[in-house]
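Colleague:
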Amino acid sequence: MSAHKAAAAAVDPAKGSPLRVLRPRRAAPDHAVRPTRAEVDLSALRHNLNAVRKAAGSARVFAVLKADGYGHGAPAVARTLERAGAHGFAVALLEEAIELRDAGLRAPILVMGGYYGQAYDELLAHELVPVVYDASHFEGLSRALRSRDSDEPAKVHVKIDTGMSRLGVRLEELPALLEIAKNFPQIVIDGVMTHLANADVEGDDAAASVDEQLALFARGVADVRRHGATPRFVHAANSAALVRTEGAKLDAVRPGIALFGHDPLGTLGLRSTLRVRSEVVALRTVPVGTPVGYGSTWRAPRESVIATVPVGYADGLSRSLSNVGQVLIRGKRAPIVGSISMDLSTIDVTDVPGVKLRDEVVTLGEQRGPLGSDVLSLGEVAKTAGLITWDVLTSISRRVPRFYREP
Ligand SMILES: *Cc1c(COP(=O)(O)O)cnc(C)c1O
């Protein structure tokens with residue numbers, strides 16, 4: 275059965291509120307006996323889109339949903355964003371774009387990765403817009419167009435490398451590419467893009483780098499127009515640039531992480547979209563000196579109550595949180611003690627009165643409990659783990675079922 279269609283209603287026993295349960299093929303929730311899951315707050319996502327749209331001004335929003343919508347489940351996130359007014363989507367892989375089309379999304383989808391293998395006909399069949407920067411892209415697309423025997427032109431966005439040295443045509447090579455493009459009148463340059471290396475870096479050097487990239491980009495865009503193309507979408511801004519760099523807001527913007535609550539300056543009032551929760555599955559009181567976990571990296575400094583939680587590094591709970599991270603239980607913080615295992619972690623709940631089996635444990639996001647309420651923000655967890663927020667979200671693996679909450 276196609277995954278995204280198998281939505282069913284369920285009730286969250288903790289709150290009695292209706293939950294929309296999406297059954298993405300990545301998560302196998304049919305077998306989710308384990309109480310570990312990720313809850314996506316779709317109203318927070320809408321709120322973040324609105325905040326981003328406001329900051330974008332007149333620029334169109336291409337919501338970046340690569341890596342399964344930053345770990346949230348791309349189809350469900352895309353449906354919410356499409357209804358809430360995102361102009362289009364951008365993904366890295368052709369496969370990711372096809373997944374969105376198969377889920378019924380109709381908005382424009384930009385495929386940014388630049389690797390289309392032998393699958394140019396798939397781009398056309400799914401009405402996707404490839405990012406191109408090489409003559410081979412024009413050739414491959416043109417072959418696919420000929421074999422379709424349709425006069426419908428194909429739209430592309432040309433990517434210019436202005437300082438990432440990763441993907442894109444270098445400025446010196448742009449005129450030659452544009453000459454080649456003239457041999458393919460059925461391919462329409464509808465957009466021009468670049469990507470900034472330092473938009474989220476503090477300091478004068480970073481700001482200078484952003485300005486320099488934007489100046490080079492402006493030269494490239496002028497070249498494109500001089501060669502007779504009339505791109506409707508000129509775009510450069512990721513989330514950070516959208517918030518920090520007025521000059522990066524062009525015809526369109528490409529925010530990803532901001533939609534999922536990471537606020538580059540803390541000025542947008544973004545909300546957290548994801549909460550990861552599990553439950554205590556084992557509980558023991560151990561005498562002073564008892565070792566916990568692989569390598570016995572922690573020993574009880576006093577008689578301690580240790581709770582075992584079925585969430586491990588293979589679920590996305592970074593192993594670097596071992597002995598430094600915290601979780602929420604009964605609305606209070608408890609430290610992660612011992613090494614985080616692949617499937618399990620252990621927490622010290624000695625100072626949390628009344629912990630019992632099946633108590634909820636939150637590893638990311640908010641918890642309200644009998645002892646109070648607290649939040650483990652994406653920023654805090656990333657910082658403690660020595661990761662970036664993107665990494666925390668995209669590490670949540672396919673075996674963690676995603677539940678969609680529509681309050
Ligand atoms: C990932 C990505 C974005 C979005 O970046 P965020 O920092 O998550 O907003 C935009 N453009 C390109 C080319 C990307 O690869």
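Counting from 275, one number per residue, gives the positions in the sequence shown under our numbering.
Here a beta-carbon is modelled for each residue, glycine too, at the ideal position from N, C-alpha and C.
These numbers were taken from a predicted model, which means no experiment stands behind them.
1. Just the Cα atoms here: how many angstroms apart are residue 430 and residue 385?
2. Following a CB-centred definition, is residue 469 positioned closer than 8 Å to any heavy atom of ligand 1?
3. Taking DSSP's pairing of strands, which residues face residue 572 in a bridge?
4. Relative to the C-alpha of residue 546, which residue among 325, 307 and 424 is closest?
5. Which one of 595, 532, 495 and 540 has the shortest CA to CA distance from residue 512?
6. Taking all protein chains shown into account, decide if residue 392 is buried (16 or more other Cβ within 10 angstroms of its Cβ) or exposed.
7. Check residue 321 in the structure and name its three-state DSSP category.
8. Please report how far the alpha carbon of residue 406 lies from the alpha carbon of residue 494, in whole angstroms.
9. How close, in whole Å, do the beta carbons of residue 599 and residue 658 come, if the pair is a contact with beta carbons under 8 Å?
10. Any idea if residue 616 is buried or exposed, counting beta-carbon neighbours within 10 angstroms, 16 or more meaning buried?
11. Examine the Cβ distances between the stretch 649-663 and the stretch 617-632 and report whether three or more of them are shorter than 8 Å.
12. Which residue or residues does DSSP assign as beta-bridge partners of residue 469?
13. Beta-carbon within less than 7 Å of residue 346's beta-carbon, same chain only, minus the 5 sequence neighbours each way: which residues are those?
14. Can you tell me the Cα-Cα spacing of residue 382 and residue 524, whole angstroms?
15. So, helix, strand or coil for residue 487, using DSSP?
16. The beta strand (DSSP E) with residue 549 in it runs from where to where?
17. Closer than 8 Å: is that where the CB of residue 382 sits relative to any heavy atom of ligand 1?
18. DSSP on residue 519, reduced to helix/strand/coil?
19. Three or more C-beta pairs under 8 Å: does that hold for the stretch 479-489 against the stretch 439-451?
20. What does a CB cutoff of less than 8 Å around residue 662 pick up in its chain, not counting 5 residues either side in sequence?
21. Looking at the structure shown, is residue 624 part of a helix, part of a strand, or coil, going by DSSP?
22. Given this structure, state the Cα-to-Cα distance separating residue 411 from residue 422, to the nearest angstrom.
23. Between residue 415 and residue 489, what straight-line distance do the alpha-carbon atoms span, to the nearest angstrom?
24. Report yes if the C-beta of residue 325 is less than 8 Å from at least one heavy atom of ligand 1; otherwise report no.
25. Cβ of residue 530 versus every heavy atom of ligand 1: is any distance shorter than 8 Å?
26. Ignore the nearest five residues each way along the sequence and tell me which others in residue 302's own chain have a CB closer than 8 Å to its CB.
27. So, with DSSP's three-state summary, where would you put residue 640?
28. Under 8 Å by Cβ, that's how I've got residue 536 and residue 467 pegged, so tell me the actual separation to the nearest angstrom.
29. Among 378, 375 and 417, whose alpha-carbon lies nearest the alpha-carbon of residue 395?
30. I want to check one thing, is the minimum distance from the CB of residue 525 to the heavy atoms of ligand 1 below 8 Å?
31. Going by the CB atoms, is the gap between residue 432 and residue 419 shorter than 9 Å?
32. Assuming residue 311 is part of the beta strand (DSSP E), what are its boundary residues?
33. Confirm the yes/no value for this check: CB of residue 474, any heavy atom of ligand 1, distance under 8 Å.
34. According to the Cβ coordinates, are residue 377 and residue 353 closer than 9 Å?
35. Among all the DSSP beta bridges, which residues are the ones paired with residue 461?
36. Based on the DSSP secondary-structure assignment, which residues constitute the bridge partners of residue 556?
Modeller: Put simply:
1. 9 Å
2. yes
3. 566
4. Per the Cα distances, 325.
5. 532
6. exposed
7. helix
8. Going by the C-alpha atoms only, they are around 14 Å apart.
9. The distance from the Cβ of residue 599 to that of residue 658 is about 5 Å, consistent with a contact at the 8 Å cut-off.
10. exposed
11. no
12. According to DSSP, residue 469 bridges with nothing at all.
13. 314, 534, 547, 548 and 676
14. 18 Å
15. helix
16. 548-553
17. no
18. coil
19. Short answer: they don't touch.
20. 656
21. coil
22. 17 Å
23. Cα to Cα, the separation comes out at about 30 Å.
24. False, no ligand heavy atom lies under 8 Å from that Cβ.
25. Yes, since a heavy atom of ligand 1 falls inside the 8 Å radius drawn around the Cβ of residue 530.
26. In this prediction, residue 302 scores a pLDDT of 44, lower than 50, which makes its location untrustworthy; the coordinate-derived value is nonetheless stated afterwards. Answer for residue 302: 672, 673 and 675, listed in chain order.
27. strand
28. At roughly 22 Å, the Cβ-Cβ gap does not stay under 8 Å, so residue 536 and residue 467 are not in contact.
29. 417
30. Answer for residue 525: no, Cβ out of range of ligand 1.
31. no
32. DSSP places residue 311 inside the beta strand (DSSP E), whose first and last residues are 311-315.
33. yes
34. Taking 9 Å as the Cβ cut-off, residue 377 and residue 353 qualify as a contacting pair.
35. 428
36. Answer is 582.
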